[in-house]
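Since the structure comes first, as structure tokens, the remarks are kept for the end.
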Amino acid sequence: LRDDFLRARAPLALALIRVDRQGWGTQRLDLIGFMKRDSAFARAWMAYDSLGRIGNYTVWARRDDPVASAPLPAQVPRAGGSSYPPDEVRVNVASLAAAAVFLFALVIFYRRNLTA
């Protein structure tokens, strides 16, 4: 991977944004942080600037490439139609109502079995 990056001198690089929360027991590898431990990669990475975030990715552009340095679009539609970032937990009201009906039915059936 290191040799490919150094050889290609790619105009753009994408880095997946970590969305893990502490306490969930998982942690993704920070590949760029790991690769920067190599001095050749770290020197080559110094030529890149962050352009910003698109979806779940940070976009990096090589400073000496005029095409790659163009600004990012203001709004990019998310894959799957979700309007929330993956690190935000949202509850759909309809799902909550369905869960309440299910729990109510479960209590009724449980009580019926206790009295029978």
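Everything in the sequence shown is counted per the numbering used here, starting at 64 for the first residue and increasing by one. Backbone N, C-alpha and C fix where the C-beta goes; we use that ideal spot for every residue, glycine too.
Spatial neighbours of Ala76 in its own chain (CB-CB distance under 7 Å, excluding positions within 5 residues in sequence) are listed in chain order as Tyr111 and Trp123. Counted as a single uninterrupted DSSP element, the beta strand (DSSP E) harbouring Ile117 occupies residues Tyr111 to Ile117. Excluding the 5 residues flanking it on each side, Ile95 has same chain C-beta neighbours closer than 6 Å at Ala78, in chain order. Around the beta carbon of Arg125, 16 or more other beta carbons sit within 10 angstroms, so the residue counts as buried. Distance from the Cα of Phe104 is smallest, within the candidate group Leu114, Arg70, Ile117 and Leu92, for Arg70.
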